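Report on one structure; see the data block that follows.
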Amino acid sequence: MNGLYRFFKSVRLAIVLILVITALSLLSTLVPQDREAAFYRTSYSPAIAALITTLDFNRYFSSALFIIPVILFALNLGVCAVDRLVRRTRMKAQKRFGPDIVHIALLVLVAGGLVTALNRHAKDFWLTQGEEVAITSHYSIRLVSFEYLKYENGSPRAWISTVDVLRDGALQTTAFPIRVNHPLRLGGVSVYQSSWDDQSSFLFRDKTGAEAAARIGQGFQDGNSFWLLADTVKDGESWKAVFRQYVGNSLISTRTLGVDETLGPYTLVSMTRKIATGLRAVSDPGFATVIVAVVLLAIGLALTFIQNRRGQAD
């Protein structure tokens with residue numbers, strides 16, 4: 001029994017567990033999480049795919065690879081905290097609670113992490129203007145508008161989804177802006193801005209009169225050039241299609257095309273602009289516990305610093 005006690009209060013054990021948890025967590029970032037088994041079979045060699053799915057590395061934070069080392073680390077922290085408190089009590093040493101609070105904070109942080117790993121749920125969905133989706137049994141949101149703001153060089157500046165919030169079908173909040181790092185919180189669920197998609201559709205007519213539909217990301221060959229339908233842009237009160245001309249892998253030029261205008265063998269007959277916002281609803285019951293742990297950790301570190309300064313002054 002004494003051997004087991006010494007094992008769990010060992011600083012070496014703590015160091016090894018921290019290294020194991022850190023290394024495995026870093027490796028997990030290289031593997032896309034929560035995908036179907038078929039994804040891993042088509043993305044990796046048979047041996048690697050089998051290793052990922054067998055070890056549950058495709059859902060690492062709810063797997064034994066993560067949970068067992070974290071539980072061992074929690075036991076190590078707990079035994080170290082109790083051992084320190086008992087020794088200082090027996091020695092009638094000066095009461096310094098800072099390190100004890102730090103140990104407690106780390107234990108609470110581990111508990112919150114485990115609750116998150118085992119109970120966190122995330123759901124992705126797409127909305128276009130006017131569409132509505134249920135977030136919880138009581139709350140739903142309806143997309144009012146979506147803005148994709150860019151810098152002058154064309155790089156993304158902000159994605160903003162403006163939504164109305166409904167509770168049990170009745171309008172509760174109007175025009176709430178969901179931005180990156182500025183989520184909407186509803187009944188324990190946070191709704192984040194995660195992505196966007198241009199779902200605009202285009203109708204073209206060739207020189208023979210045949211018509212064909214196209215979407216963003218499609219294109220056509222014209223001699224040595226390939227014209228990629230890359231984007232839409234507002235020109236005054238109307239919208240135009242943006243084409244990029246490639247020769248081989250080199251971008252040669254960019255051209256906008258409005259309705260009734262011709263590019264190569266095709267004339268743009270009509271276009272319907274449709275932008276969808278990508279939102280993610282996240283339920284994380286361990287979040288509050290983690291916040292408590294962070295507060296306790298800050299208090300414990302501050303108290304330790306103050307007590308050490310006083311001890312040096314004495």
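No gaps in the numbering here: position 65 of the sequence shown is 65 in my numbering, and each next residue is one more. All C-beta atoms, glycine included, are put in the ideal place defined by N, C-alpha and C. Since this is a predicted model, take the numbers as computed values, not measurements.
Looking only at C-alpha atoms, which of Thr128, Leu106, Asp284 and Ser250 sits nearest to Ile141?
By 1-based counting over the sequence shown, the position of residue 141 is 141. Selected option, being the one with the closest Cα: Thr128.
With Phe226 as the anchor, note down where its beta strand (DSSP E) starts and where it stops.
Here residue 226 is taken as the residue at index 226 of the sequence shown, counted from 1. Phe226 -> beta strand (DSSP E) spans Ser225 to Asp235.
Can you list, in chain order, the stretches of the beta strand (DSSP E) that have 3 or more residues and sit fully within the region 124 to 182?
Taking only runs of at least 3 residues, the beta strand (DSSP E) segments lying wholly in the region 124 to 182 are 132 to 134, 139 to 150, 156 to 167 and 170 to 179.
Near Ser161, what residues of its chain come up, given a Cβ to Cβ distance below 7 Å and the 5 sequence neighbours on each side ignored?
By 1-based counting over the sequence shown, the position of residue 161 is 161. Answer for Ser161: Leu143, Phe146, Ile178, Gln193, Thr277 and Leu279, listed in chain order.
How would you label His182, buried or exposed, when you count the other beta carbons within 10 angstroms and need 16 or more for buried?
One-based indexing of the sequence shown puts residue 182 at position 182. Looking at its Cβ environment, which holds fewer than 16 other Cβ atoms inside 10 Å, His182 is exposed.
Give me the Cβ distance between Asn58 and Ile52, rounded to the nearest whole Å; I'm assuming they're in contact under 8 Å.
Position 58 of the sequence shown, counting from 1, holds the residue named residue 58. Position 52 of the sequence shown, counting from 1, holds the residue named residue 52. Asn58 to Ile52, Cβ: 5 Å. Contact.
For Thr315, count neighbouring C-beta atoms within 10 Å of its own C-beta (all shown protein chains included) and say buried if the count is 16 or more, exposed if not.
The requested residue 315 does not occur in the structure, where the chain is confined to residues 1 to 314.
For Phe66, report the span of its alpha helix (DSSP H) as first-last.
Residue mapping note: residue 66 aligns to position 66 of the sequence shown, counting from 1. It spans Ala64 to Arg90 - the alpha helix (DSSP H) in which Phe66 sits, taken as one unbroken run.
Report the CB separation of Phe204 from Glu211 in whole angstroms; it is logged as a contact under 8 Å.
Within the sequence shown, numbered from 1, the residue matching residue 204 stands at position 204. Within the sequence shown, numbered from 1, the residue matching residue 211 stands at position 211. Between Glu211 and Phe204 the Cβ distance is about 7 Å, and since that is below 8 Å, they are a contact.
Would you check if the distance between the CB atom of Val20 and the CB atom of Pro69 is smaller than 8 Å?
Here residue 20 refers to the residue found at position 20 of the sequence shown. Here residue 69 refers to the residue found at position 69 of the sequence shown. Going by C-beta atoms, Val20 is nearer than 8 Å to Pro69.
Are there three or more Cβ pairs, one per stretch, closer than 8 Å when the region 261 to 273 is compared with the region 107 to 119?
The region 261 to 273 is not in contact with the region 107 to 119.
Which residues does DSSP pair with Gln221 in a beta bridge?
Taking the first residue of the sequence shown as position 1, residue 221 is located at position 221. Gln221 pairs with Phe226.
Given this structure, state the Cα-to-Cα distance separating Ser225 from Gln245, to the nearest angstrom.
Along the sequence shown, one-based indexing puts residue 225 at 225. Along the sequence shown, one-based indexing puts residue 245 at 245. Cα to Cα, Ser225 sits roughly 6 Å from Gln245.
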